[in-house]
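Number of protein chains: 2
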Amino acid sequence: MKRTSLNDIAAKLGVSKTLVSFVLNGKGKEFRINDEICKKVQETAKEMNYQPNRLAQGLRTGKTNTIGLIIADIANPFFGFLGREIEQEAAKSGYRVIFCSSDENPEKSKQQIAMLQQSQVDGYIISPPMYSGDQVLALVKNNIPLVLIDRFFPEIDSNYVGINNFEAAYKATSHLIRLGRKRIACISVNKDMINMQERTEGYKQALIDAGLPVDENLIKILTFSHDNKELVKAMKDLFGKKENRKADAILFSTSKLGIIGIEFISSSGLKIPEDIAVVSFDDPDAYKICVSPVTVVNQPLKEIGKTAVQVLLNKIKHPEAKSQQIILKTEFIIRKSCGS
Amino acid sequence: MKRTSLNDIAAKLGVSKTLVSFVLNGKGKEFRINDEICKKVQETAKEMNYQPNRLAQGLRTGKTNTIGLIIADIANPFFGFLGREIEQEAAKSGYRVIFCSSDENPEKSKQQIAMLQQSQVDGYIISPPMYSGDQVLALVKNNIPLVLIDRFFPEIDSNYVGINNFEAAYKATSHLIRLGRKRIACISVNKDMINMQERTEGYKQALIDAGLPVDENLIKILTFSHDNKELVKAMKDLFGKKENRKADAILFSTSKLGIIGIEFISSSGLKIPEDIAVVSFDDPDAYKICVSPVTVVNQPLKEIGKTAVQVLLNKIKHPEAKSQQIILKTEFIIRKSCGS
DNA sequence: TATTTTAGCTAAATCGTTTTAGTAACCAAA
DNA sequence: TTTGGTTACTAAAACGATTTAGCTAAAATA
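For the protein sequence lines, the chains are A and X, in the order given.
Read left to right, the first sequence gives residues -6 to 333 (the working numbering).
Read left to right, the second sequence gives residues -6 to 333 (the working numbering).
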């Protein structure tokens, strides 16, 4: 039941735990421990199935080899993929990951940060909810290793790994314009979140540059929620009236919106792309097999996750490293949802 | 930079750290600490933003309030949902969760269990890969709190939360039979995994009970993999030859298979349900918006996650508790993919 | 022979908690 | 005056590792 400790090994061999510690940390040579004793210690450790107590190690050394991850929702495949990459990349360097879903709720993320602090994590990867800038700032001020992903706070100088949201939205919207769509709607969420704002701005700029009017009635910025009421209402407003449809195309800022939006479109008997052309951010499975496979802006999730971990571990190793903002390339995948 | 410790508070107030510990653990009354001092301690703790060091606590008490979760792949929404529920339910009781994706690889899960042991987690929730029975057995033998989900080992007496796979597959297959399908294929994975075996058995029994032949050519049991080659090959074999299709219906044992399978079906110009009727386990978003929304066996993921945590925490509290096998109800959702 | 060096090891402090076993001061009862 | 019981607190050990400082005996050097 009780695990074997350094002391147990030491007692069994009649040596000091200091020696055992040296050997098991590969410092046998450095502290000129007798080769035979080294061997014996290692054998005995294996025999007794010694597993170092990371709590004790962490307490003594001040390092836990653990990183805290705060994302909006691990059930959302977007974050699931990110989480997976992060876990994998971290494991390569011997780091554990504690996952927290903040639900885009700053109160929750605050608690989670506190919890992670108590767990003495070595660093954080955070996809920060709206209005959690103060929390991030507090970490940054204390020079606590931290990388933001997916969003950031323009007024805070922190590490960040993400994409160029403006450009991606601009490109997606231009694609719709090029195909002749005139009344392009945009559905987004979380109005005060920088990445979402950038997407909306990119959308608007594309319209402006093409000489099309920016119609605020076609822009729906929802609040974050796990239910769909608000989105359905917005869709009804845009596409509800048979002969007087407000829009002939739509840009979804997230796939969560897009999936439900497309479900609505299908169930109201509208055709994609004939009645409505669709472009969306992110590329979930659903988009590949739905009625008209969806044209998307795909984010390089693997690379984002991997890079975030690398930047974080670098900062952990070199606390004096200054912050990096890394913008990765998106991929625009053209499928059938816009016609041609 | 350095966090405030009990000692810092004690020093500031000129009392012992014992006293501070008592007060902050709510044992002020029990140890008859003066009310005023209690108040002062609490105020000072807040002022100095005291955060208990969970490593030290864990080291001393032998309890970390952390549970280890090992699943196949957090990027798979099936496990994402489970993970989310587990995290949430655990948080309610003040427990943290360390996530590990085993990739269905027993070598990985072995390492992960070791890592979690070193982290002194209080218990485990595991969706065990094939051939990892010995790992699970070792935990069970040591009476380490553990709950298996999604699959289990019939020869090991452990806690388990899941569904009746046989019954669910039987029902799904019967549905296809009732609708007049005669050549029903079954695509599954991981031949030595009990839950998958049960599904195949349920499928076969339904055929037998309906007087239909069990044709091994229609049963494809794949190996676990992140790429799709094997599945595409199986699909081609079943549906490739235009005028001599082997099957007129298909049961997918997992949604991962189903999504790719349906993608294949769509891209080969076959129609669901006219050419092929489809039923699948699990209910990802994709199934709701694809060409013919898919009829599915939906697992109660929320309840599975929640129950798993409850069983685990109960076992942590009561080490003498004997093992529970909890089978939850599935939901059969009829959509359009089978015709009518 | 006396001194220094080296090889090979250990004692003890430390990290931040919890918890056991006290202690000191005071008052009441015998 | 002694005993016993409260009240209000503290010292110190313990958890399991790491790490600094130092010790002894033998070998090498002066």
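Positions of the beta carbon are idealized from the N, C-alpha and C atoms, including for glycine.
Computed from a predicted model, the values in this text were never measured in an experiment.
I need the boundaries of the beta strand (DSSP E) containing residue i, first residue and last residue.
i: Ser181 of chain A; result: 177 to 182
i: Cys93 of chain X; result: 89 to 94
i: Val272 of chain X; result: 270 to 274
i: Ile214 of chain A; result: 212 to 215
i: Ile335 of chain A; result: What is shown of chain A runs -6 to 333, which leaves residue 335 of chain A out entirely.
i: Gly126 of chain X; result: Unbroken run through Gly126 of chain X is the alpha helix (DSSP H), 126 to 134; no beta strand (DSSP E).
i: Gly116 of chain X; result: 116 to 119
i: Ile142 of chain A; result: 139 to 142
i: Ile64 of chain X; result: 59 to 64
So residue i and residue j are in contact, right, with Cβ under 8 Å, and what is the actual spacing, rounded?
i: Asn136 of chain X; j: Pro312 of chain X; result: 6 Å
i: Tyr196 of chain X; j: Ser248 of chain X; result: 16 Å between Cβ atoms; not a contact.
i: Ser333 of chain A; j: Leu172 of chain A; result: 7 Å
i: Ala199 of chain A; j: Tyr163 of chain A; result: 5 Å
i: Leu263 of chain X; j: Ala165 of chain X; result: 20 Å between Cβ atoms; not a contact.
Quick one: give me the first and last residue of the alpha helix (DSSP H) that residue i is part of.
i: Lys310 of chain X; result: 294 to 310
i: Ala355 of chain X; result: In the structure displayed, chain X extends from -6 to 333; residue 355 of chain X sits before or after that span and is not available.
i: Gly251 of chain X; result: 248 to 260
i: Phe71 of chain X; result: 70 to 85
i: Glu223 of chain X; result: 222 to 232
i: Lys10 of chain A; result: 10 to 17
i: Asn291 of chain A; result: Taken as a continuous stretch (DSSP letters only), Asn291 of chain A belongs to no alpha helix (DSSP H), being part of the beta strand (DSSP E) at 288 to 291.
i: Thr193 of chain A; result: 187 to 202
i: Thr323 of chain A; result: Thr323 of chain A -> no alpha helix (DSSP H), and no H or E assigned at all.
i: Ala240 of chain A; result: Segment: none, Ala240 of chain A is in no alpha helix (DSSP H) and carries neither H nor E.
Residues in its own chain within less than 7 Å of residue i by CB, not counting five upstream and five downstream?
i: Gly76 of chain X; result: Leu62, Ile64, Ile67, Phe92
i: Ser14 of chain X; result: Leu(-1)
i: Ile2 of chain A; result: Val13, Val34, Thr37, Ala38, Met41, Tyr43
i: Gln105 of chain X; result: Ile63, Cys93, Ser95
i: Val225 of chain A; result: Phe257
i: Ser259 of chain X; result: Val284
i: Ala314 of chain A; result: Asn307, Lys308
i: Gln113 of chain A; result: Gly51, Thr57
Short check: CB of residue i to CB of residue j, under 8 Å?
i: Val290 of chain A; j: Thr323 of chain A; result: yes
i: Ile201 of chain A; j: Asp241 of chain A; result: no
i: Val182 of chain X; j: Leu211 of chain X; result: no
i: Pro277 of chain A; j: Ile255 of chain A; result: no
i: Phe146 of chain X; j: Gly116 of chain X; result: no
i: Val140 of chain A; j: Ile118 of chain A; result: yes
i: Pro121 of chain X; j: Val129 of chain X; result: yes
i: Ile156 of chain X; j: Ala301 of chain X; result: no
i: Tyr88 of chain A; j: Asn46 of chain A; result: no
i: Leu305 of chain A; j: Ile60 of chain A; result: yes
i: Met189 of chain X; j: Ser246 of chain X; result: yes
i: Phe74 of chain X; j: Leu294 of chain X; result: yes
i: Ile265 of chain A; j: Ala227 of chain A; result: no
i: Glu82 of chain A; j: Lys299 of chain A; result: yes
Report all residues from its chain with a CB closer than 6 Å to the CB of residue i; omit the five preceding and five following residues, and keep chain order.
i: Asp150 of chain A; result: Ser316
i: Thr288 of chain X; result: Val272, Ile327, Arg328, Ser330, Cys331
i: Arg238 of chain X; result: Phe232
i: Gly71 of chain X; result: Position check: residue 71 of chain X holds Phe in this sequence, whereas Gly was assumed. These residues qualify, in order along the chain: Asp275.
i: Ala161 of chain X; result: Val290, Thr323
i: Asn221 of chain X; result: Ile253
i: Met186 of chain A; result: Met123, Arg144
i: Arg176 of chain A; result: Ala240, Asp241
Taking 8 Å as the limit between beta carbons, can you name the residues of its chain near residue i, skipping five residues before and five after?
i: Glu223 of chain A; result: Leu215, Thr216
i: Pro286 of chain A; result: Tyr280, Arg328, Lys329, Ser330
Contact set between the stretch 0 to 23 of chain A and chain X, restricted to residues whose Cβ is under 8 Å from the partner = Answer set for the stretch 0 to 23 of chain A: empty.
Using a Cβ-Cβ cut-off of less than 7 Å, list which residues of the stretch 259 to 290 of chain A approach chain X; keep chain order.
-> Look at the stretch 259 to 290 of chain A: the residues with a C-beta under 7 Å from a C-beta of chain X are Ser259, Pro277, Asp278, Ala279, Lys281, Ile282, Cys283, Val284.
Below 8 Å between beta carbons is the criterion; list the residues of the stretch 105 to 117 of chain X that meet it against any residue of chain A, in chain order.
-> Cβ contacts with chain A come from Ala107, Met108, Gln110, Gln111, Ser112, Gln113.
Could you please tell me which residues of the stretch 31 to 59 of chain A, in chain order, have their CB closer than 9 Å to any CB of chain X?
-> Answer in chain order: Gln44, Pro45, Asn46, Arg47, Leu48, Ala49, Gln50, Gly51, Leu52, Thr57, Thr59.
With 7 Å as the C-beta to C-beta threshold (strictly closer), list the residues of the stretch 206 to 239 of chain A near chain X in chain order.
-> Answer in chain order: no residues at all.
Please list the residues of the stretch 73 to 91 of chain A that have a C-beta atom closer than 7 Å to any C-beta atom in chain X, keeping them in chain order.
-> Legend: CB atoms of the stretch 73 to 91 of chain A lying less than 7 Å from CB atoms of chain X belong to residues Gly73, Phe74, Gly76, Arg77, Glu80, Arg89, Val90, Ile91.
Residues within the stretch 94 to 105 of chain X neighbouring chain A, beta-carbon criterion of under 7 Å | Answer in chain order: Ser94.
Contact list for the stretch 181 to 208 of chain X against chain A, Cβ threshold 8 Å | The stretch 181 to 208 of chain X vs chain A, Cβ under 8 Å: nothing.
Which of the residues in the stretch 317 to 332 of chain A, read from start to end, lie with their CB under 9 Å from any CB of chain X?
-> Answer set for the stretch 317 to 332 of chain A: empty.
Contacting positions in the stretch 124 to 148 of chain A - beta carbon closer than 8 Å to chain X | Listed by position along the chain: Asn135, Asn136.
Going along the stretch 149 to 171 of chain A in order, which residues come within less than 7 Å of chain X, judged by CB to CB distance?
-> Answer set for the stretch 149 to 171 of chain A: empty.
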